[in-house]
Every structure is written in structure tokens, then in C-alpha cells.
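Engineer: Chains as they are written, first to last, in full-length UniProt numbering: chain A, 1 to 298; chain B, 1 to 298. All residues carry an ideal CB built from backbone N, CA and C; glycine is no exception.
2 protein chains.
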Amino acid sequence: MLPEFKITQLRHFVWVAELKGFHAAAEKAHRTQPAISLSIRDLENKLSESLFEKRNAKTAKTELTPFGEYFLPKAKELIEHHDRISEDMTLLAEHKTGHLRLASVPSIASQVLPELLLEFVNNTPDLHISFFDDNSSAVYRMVENQQVDFGIAHLFHEQEHSDKTFIPIWEDQIGVVCPKDHPLAEFKELHWKELRNHRLIGNGTSRLLEDSEARPLIGHSQFYISNMISLIAMLEAGFGVTTLPRYAVPKESETLCFIPLSTPVVVRRIGIVTLTNRSLTPPAQALVDFILARSRPA
Amino acid sequence: MLPEFKITQLRHFVWVAELKGFHAAAEKAHRTQPAISLSIRDLENKLSESLFEKRNAKTAKTELTPFGEYFLPKAKELIEHHDRISEDMTLLAEHKTGHLRLASVPSIASQVLPELLLEFVNNTPDLHISFFDDNSSAVYRMVENQQVDFGIAHLFHEQEHSDKTFIPIWEDQIGVVCPKDHPLAEFKELHWKELRNHRLIGNGTSRLLEDSEARPLIGHSQFYISNMISLIAMLEAGFGVTTLPRYAVPKESETLCFIPLSTPVVVRRIGIVTLTNRSLTPPAQALVDFILARSRPA
DNA sequence: ATCTACTGATAAGGCTTCCTTATCACCATT
DNA sequence: AATGGTGATAAGGAAGCCTTATCAGTAGAT
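As C-alpha cells, this is what we get:
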């Protein structure tokens, strides 16, 4: 049977060899000298060869045998290998390193995550982050395929995603977006019926109103623009108004304002999606915790 | 402080991961299942991260966490590294491997060592041997410089070599070498004076007679040949006789014979030279032991 | 030459670690 | 509901490791 070395034991050996003495090694190991003696003896027994020259006899200095000399570099390498792994794992556990992948719907990706991530990666220069943005179903798919550690998406079709866990975080309320000089801009909140007299531009999120009493508005809109950049441009040009979830509207817009719909109140929950039976990597878990701490109270 | 892993513990982890179960791993480790549970838990505590998915709860299969998956290959590599070293050292300790260097004077090198080494390297195909032959002082020098593990040389100038240990093994007696059909070939032993009537060829070893009563013979010789091949050829050609140590004479010569000098008996001791304060590598020690066992009784 | 200061080895006891047996809680079968 | 599988847990004991105290040997100083 092959002997099994203990890392501690190898360390003792290396220290005795390099410091040329049992006492010096004992001090370095924070052990007493007999402990080191026994440790070395145990190692020698395992190898059935002495590592140090006959030390009970006449000679003065603690010196390696040729066998010990052959062993020394190997022992050092093994210790270094061990320490490298130990350090790697510790760094990963402290989410100071590793690779974190996440996917998010564009609204959160652009409105919320940038500053959040900026703060999160502070002090963790070796943490690599891959970031994908796509619509909710694509996010769910990426979580499912384990292309990402977790996703940020809307809660939907729960029965189809029983293998996933959804943690709600943000509530994205639908509201009206119009230029700041538009008559509707005066209001603090709006009833859907008040939109009927204005030119309403439909967009990809308009179908969120389908299940509400505001459904008639959808037929009401003469224009439909799927692209967000174009939509914003049209609004800024004073072409009309639209409905959008709050997080889809540029936060600090100079020209547009957002007025929440009070009737009906349509809210879509956005949150974190993970696989139920899979833990997160430490960095991913840390980011989730960070997001929760930062965004939930708000 | 960085955690310190035990190889055994890592093995347990790898086995649980690969055999997908604590019971299976326990069997492989020749331990009970609770032992494995505790071992894994200890490892998880050291890492402060779980390695396997929550296993008290609903799920069936024992599955790694992403963190565990990251750790698995590293743990395997470290175990393999450890085992490689363990095996290397064991092979070396059993002198099945390694590099053995020795130096010897030519007589022993050519007359004794070949068959001895042939037998010694039997069953040790991975043991490399480097072999040097040179005169005694060169052998001593190589031992001193640690160019060789040990040397085979004559005992001489003990006071100059207090740092070396000499183990006498062979006794190389000076005798007369002549063709088998030479008149002297009849004798079982010879007195030095009987050589005075024959043509005596001097050689490198003739000075060994300097300290004996046979000293007059040295002046007596008309020829001096330092090269052994030429010397043998001259002898075979019937040119004359010479004195040589026994081991310098080809053992199974068809044409020459060796008659020991009875007066004076000049013997030079040949043996193993090692550094006193240095142990031998296991293969070197094994060869020394082997030589002693084989050659001393003879 | 003896004394002192150093080396590391050794012995006995205690503490810690690890493993064992016995049992439990949980889930998936039957 | 009963059975057989998973792994977790508790308590006791064995083994390993470290400690203090002491010893033996060498080197250098007086």
C-alpha cells in the first residue's frame, strides 16, 4: 500500500530541511520540538527511509540524506499545489474570483444593473462577469440551459417553469410616456380613459394591457413601433404618447415624462430566476444577495 | 487562514461525487457511511460552501453544487499529484528506480562488476546506472565531489581521506604473469628472486613493489609498458614476464597464467569508498549491500 | 578537563480527531 | 400503509497528535 502524506507533515519536513533544524522548524510551525521530531519520524517510517542524516550521533548540523534531498522538491511542489487550490477555492467562496454569467431583460439591464454591478465589482478585480440581455422567455431559456447562473425576467407562466424559482424584486408599473410639454404631463396619475383623446403609439409592451380593463386602448392606437429607439424619437418629436413599463423609460430623460396609470394599475413583477435544485456559485449567490439588499427595500 | 485539506478527505469527496452516493463512497473507502458524511461536512466547513446539493430535502440523487463541480477536478489533480509522488518515493526507497552513479578502478570494473551488475539490475528495469572507470585517486575525487554515489578503489593515504569510509572487499595480490608455455608457468608460487633470470616488463602497477623487498626488480626491468593492451600483447608474443595484481589479468586467458608472489606477498586492498557523513541513496545502498553479500565470503 | 548551551530523542499523559454503532428523518417505491 | 433506499445525527471509544518533562550527545568556553 502506498503511503499517504499529510500536508502538515510535509510542511514540517520542508521547514526542518530549509531552516536546518528541528527547533527552528518547530517555532515556524507553532509547535514544540518533540512534535516535529515525531512528525518527521512518522514520515520516515512511511517512506521506510531516513530523510535526515543520523542525528543522534556525532554530527552537528541537521542535513538531508540524498533520499531526503530527492524528496524535498517534490514535497515543496505538492504543498504549493495544495496551497494554490486552497487559495483558489477560498477566493471563489468569497466571490473574489470566478466567472459569473447572468441574463436580464433590457429594462432592468439598462436602468438598474449598471450602477448595481459597478458597485458590486468594486474590490473584486478578478471576478469576470458575462452579461446577456434579451426578452423574458430568452432569459428563462438561458437559465434552463444553464448558460447563465441566474436570470432577471418577468414572472410568467409559472406552471411551465416549476423547475425554476422566481424571487420578485422590482415592480414595473405601466404608465403613460409623453413629452414634458404635453398636456398630460401635468398629471400625477392617469385613468386609461383619459388617453382616448390623444394619439397613442403601440409598442411591444402594449399587450400587458390586454388582461386589464384598458384593453380597448390597444385597438385605439393608430401606430405601432416595436423598436425602442424609434419609439422614443417619435415621442420626443411630439408625435403622440405611449404606454410603457416604468423601467423601460430612460430614467433621467430631459424631454419625456412618465405618469403612472392609476386605473387600471398594471404591474409586472420582475425578479430573479434560478433553477430550483441547483445552488448558485458563490459569486452568483453574492450578487443575488447584493441585489436583494439594494433593491428590495426600495 | 487558508484551509488545509487532507488527502483522504479529498478522496472521499471525489468518490462521493463520482459514485453519486455516500454509501457507495463509504464502501470504496472501507469506511462506514457516517464517516463519509462527517468527512464531507468537515470539508464543506473548511470551504464554507456546500459541495453537494441540499441532501436532507426532497431531492433524490446526490449531485454536486456548481462550487463542488469547480472543486472536483482540482481535488482529483491534487490527489493524483500526491499519489505520483508517493509512488515515486516508494519505488526509489525500494531501489526500483532512480539514478545510481558509481566509479571504479579498471581492474574491478572489468573483472568483477560486469556480472555483478548484470544480476543486480535484474528486475529493476527503471534503475539507471552511470558507470565511470578511472584510477584510484580519480575515484576518490569523484566520491569527494559527489559526482558518484560511491566508488570502488584501493585503500590509500587514509589520513588524507578522513571524511571517507573505506570498506575493504577484495584483496588483489601481486603475482607474475607469463605465457602458459613459459618455464615459470609450472610454479604454484614464486619468490621474487626467481624472476631475476627472466626478462621483466615493468608497468603502471610495478611501483606497488617499491615498498617491499622486491624493490630491486623494478630497476631490473628493461622495458616499461603503461598500456595494458600492449602489455598483454607483448606477453602473449613471448617477449617476457611481468608482475600484475591478479584482478588486472584477464580472468579466463587462453594464453597467459598468473602465479602469485609468495615472497614478498604484496596485496592491495580494494573496497568501497563512501563519504562518512552522507547516507547513500536507496539504490546505491542496495548495490553496496549486494556487493558485500556476493563478494565478501569469497 | 569540566561546564554550559546547544542539538534532537524519548516517555507519559491529555486533548482532539476520527471512526464506529445505533438510530432517525425523509423520499420513492411497492 | 409498508418497505427499502437515501443521508444526517448522537454517543462512545480508539487512534493520532501535541504537550511537558527529561535525557543523551556534541561543541565551545572557560
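#1: Go through its chain and collect everything with a Cβ distance to T263 (chain A)'s Cβ below 7 Å, but skip five positions before and after it.
#2: In the DSSP assignment, what residue or residues form a beta bridge with K164 (chain A)?
#3: Let me know the secondary structure DSSP gives I7 (chain A) once reduced to three states.
#4: First and last residue of the alpha helix (DSSP H) that includes D83 (chain A)?
#5: Using beta carbons (cut-off 9 Å, strictly below), is T184 (chain A) in contact with chain B?
#6: Between A:S137, A:E94, A:A214, which lies nearest to H157 (chain A) when the distance is taken from Cα to Cα?
#7: If we define contact as Cβ-Cβ less than 9 Å, is H82 (chain A) a contact residue for chain B?
#8: Please list, in chain order, all residues of the same chain as P282 (chain A) whose beta carbon is under 8 Å from its beta carbon, the five residues on each side excluded.
#9: Suppose the cutoff is 8 Å on Cβ atoms and the five residues either side in sequence are ignored; what does the same chain contact list for V241 (chain A) look like?
#10: If you drop the 5 nearest sequence neighbours on each side, which residues of the same chain put their C-beta closer than 6 Å to that of I129 (chain B)?
#11: Reducing DSSP to helix, strand and coil, say where L261 (chain B) ends up.
#12: Can you have a look at E49 (chain A) and say buried or exposed, based on whether 16 or more other CB atoms are within 10 angstroms of its CB?
#13: If the cut is a Cβ gap below 7 Å, which residues of chain B does S162 (chain A) touch?
#14: State yes or no: is the C-beta of T243 (chain A) within less than 9 Å of the C-beta of L217 (chain A)?
#15: Closer than 9 Å by beta-carbon distance: list the chain A residues that pair up with P3 (chain B), in chain order.
#16: Give a yes or no on whether the minimum CB-CB distance between T62 (chain B) and chain A is below 9 Å.
#17: Grab the span of the alpha helix (DSSP H) containing D126 (chain A) for me, first residue to last.
#18: Using a beta-carbon distance below 9 Å, is N203 (chain A) in contact with chain B?
#19: Is E119 (chain A) helix, strand or coil by DSSP?
#20: Return the residue from the list B:K61, B:R296, B:Y140 that minimises the CA-CA distance to G21 (chain B).
#21: If you drop the 5 nearest sequence neighbours on each side, which residues of the same chain put their C-beta closer than 6 Å to that of I259 (chain B)?
#22: I152 (chain B) by DSSP, collapsed to three states: which one?
#23: What is the DSSP secondary structure of I225 (chain B), reduced to helix, strand or coil?
#24: Our contact map puts L51 (chain B) next to L43 (chain B) with C-beta atoms below 8 Å; I'd like the distance itself, whole angstroms only.
#25: Applying the 10 Å Cβ sphere with the 16-neighbour rule, what's the burial state of R11 (chain A)?
#26: Give a yes or no on whether the minimum CB-CB distance between R31 (chain B) and chain A is below 9 Å.
#27: Would you mind sorting A233 (chain A) into buried or exposed? The rule is 16 or more other CB atoms within 10 Å of its CB.
#28: Quick one: is T8 (chain B) near chain A, going by C-beta distance under 9 Å?
#29: Starting from L78 (chain B), find everything on chain A with Cβ-Cβ shorter than 7 Å and list it in chain order.
#30: So with Cβ pairs under 9 Å, would you call E53 (chain B) a contact of chain A?
#31: Compare the C-alpha of E171 (chain B) against each of B:P245, B:R31, B:K28, B:R294 and name the closest.
#32: Taking the continuous alpha helix (DSSP H) assigned at S104 (chain B), which residues delimit it?
#33: I'd like to know whether the C-beta of S50 (chain B) is nearer than 9 Å to at least one C-beta of chain A.
#34: Determine the burial state of L287 (chain A): buried for a count of at least 16 other Cβ atoms within 10 Å of its Cβ, exposed for fewer.
#35: Please go through the segment 189 to 257 of chain B and give each complete beta strand (DSSP E) segment of 3 or more residues, from N-terminal end onward.
Structural biologist: So, to answer that:
#1: Here the question's residue 263 (chain A) lines up with position 263 in the first sequence. If we look at T263 (chain A) and ignore the five residues flanking it on each side, its Cβ neighbours are H191, W192.
#2: Position 164 of the first sequence, counted from the start, is the residue given in the question as residue 164 (chain A). Answer by DSSP bridge pairing, in chain order: A:L275.
#3: For the purposes of this step, residue 7 (chain A) is identified with residue 7 of the first sequence, where counting begins at 1. Of the three classes helix, strand and coil, the one that applies to I7 (chain A) here is helix, per DSSP.
#4: The residue you call residue 83 (chain A) lines up with position 83 of the first sequence. Taken as a continuous stretch (DSSP letters only), the alpha helix (DSSP H) holding D83 (chain A) covers 66 to 93.
#5: Your numbering for residue 184 (chain A) matches position 184 in the first sequence. Note that residue 184 (chain A) is Leu in the sequence shown here, rather than Thr. Cβ-Cβ to chain B under 9 Å: no for L184 (chain A).
#6: Here residue 157 (chain A) is taken as the residue at index 157 of the first sequence, counted from 1. It is A:S137.
#7: Counting from 1 along the first sequence, the entry for residue 82 (chain A) is found at position 82. Answer yes: the Cβ-Cβ gap between H82 (chain A) and chain B drops below 9 Å somewhere.
#8: Along the first sequence, read from residue 1 onward, the residue named residue 282 (chain A) stands at position 282. Cβ neighbours of P282 (chain A) beyond the five flanking positions: L92, A93, E94, H95, G98.
#9: Locating residue 241 (chain A) in the first sequence gives position 241, counting from the first residue. Within the same chain, V241 (chain A) has close Cβ partners V176, V177, C178, H182, L184, L195, H198, R199, L200, I201, L235.
#10: One-based indexing of the second sequence puts residue 129 (chain B) at position 129. So the qualifying residues of the chain are L100.
#11: Counting from 1 along the second sequence, the entry for residue 261 (chain B) is found at position 261. Correct three-state label for L261 (chain B): strand.
#12: Position 49 of the first sequence, counted from the first residue, corresponds to residue 49 (chain A). Its Cβ being crowded by 16 or more others within 10 Å, E49 (chain A) is buried.
#13: The count along the first sequence starts at 1 and reaches residue 162 (chain A) at position 162. Those within 7 Å of S162 (chain A) in chain B number zero; the least Cβ separation is about 13 Å.
#14: As a first step, residue 243 (chain A) must be located in the first sequence, where it is residue number 243. As a first step, residue 217 (chain A) must be located in the first sequence, where it is residue number 217. Cβ distance < 9 Å, so T243 (chain A) and L217 (chain A) count as in contact.
#15: Numbered from its first residue, the second sequence carries residue 3 (chain B) at position 3. Going along chain A in sequence order, the residues near P3 (chain B) (Cβ under 9 Å) are S86, M89, T90.
#16: As a position in the second sequence, residue 62 (chain B) is number 62, starting the count at 1. Answer no: the Cβ-Cβ gap between T62 (chain B) and chain A never drops below 9 Å.
#17: As a position in the first sequence, residue 126 (chain A) is number 126, starting the count at 1. Unbroken run through D126 (chain A) is the beta strand (DSSP E), 126 to 133; no alpha helix (DSSP H).
#18: To locate residue 203 (chain A), count along the first sequence from 1; it is residue 203. N203 (chain A) does not count as touching chain B.
#19: What you label residue 119 (chain A) is simply residue 119 of the first sequence in a count that begins at 1. Looking at E119 (chain A) - three-state DSSP - the assignment turns out to be helix.
#20: Here residue 21 (chain B) refers to the residue found at position 21 of the second sequence. Closest option to G21 (chain B), Cα to Cα, is B:K61.
#21: Taking the first residue of the second sequence as 1, we reach residue 259 (chain B) at position 259. Answer for I259 (chain B): G175, V176, F187, L190, listed in chain order.
#22: The count along the second sequence starts at 1 and reaches residue 152 (chain B) at position 152. Three-state result, I152 (chain B): strand.
#23: Looking up residue 225 (chain B) in the second sequence gives position 225. Correct three-state label for I225 (chain B): coil.
#24: Here residue 51 (chain B) refers to the residue found at position 51 when the second sequence is read from its first residue. Here residue 43 (chain B) refers to the residue found at position 43 when the second sequence is read from its first residue. Yes, they are in contact, since the Cβ atoms of L51 (chain B) and L43 (chain B) sit about 7 Å apart, within 8 Å.
#25: As a working mapping, residue 11 (chain A) is identified with position 11 in the first sequence. R11 (chain A) is buried by the Cβ-count criterion.
#26: Reading the second sequence from its first residue, position 31 is the one you call residue 31 (chain B). False, the Cβ-Cβ gap to chain A never drops below 9 Å.
#27: Position 233 of the first sequence, counting from 1, holds the residue named residue 233 (chain A). Flag for A233 (chain A) reads exposed.
#28: Looking up residue 8 (chain B) in the second sequence gives position 8. Yes, T8 (chain B) counts as interfacial toward chain A.
#29: Position 78 of the second sequence, counting from 1, holds the residue named residue 78 (chain B). Chain A residues near L78 (chain B): H81, H82, I85.
#30: As a first step, residue 53 (chain B) must be located in the second sequence, where it is residue number 53. Yes, its Cβ sits closer than 9 Å to a Cβ of chain A.
#31: On the second sequence, position 171 is the one that residue 171 (chain B) refers to. Considering only alpha carbons, the answer is B:P245.
#32: For the purposes of this step, residue 104 (chain B) is taken as the residue at position 104 of the second sequence. Careful: S104 (chain B) lies outside any alpha helix (DSSP H), inside the beta strand (DSSP E) at 97 to 104.
#33: Looking up residue 50 (chain B) in the second sequence gives position 50. So yes, S50 (chain B) belongs to the interface.
#34: In the first sequence, counting from the first residue as 1, residue 287 (chain A) sits at position 287. Buried.
#35: 200 to 202, 241 to 245
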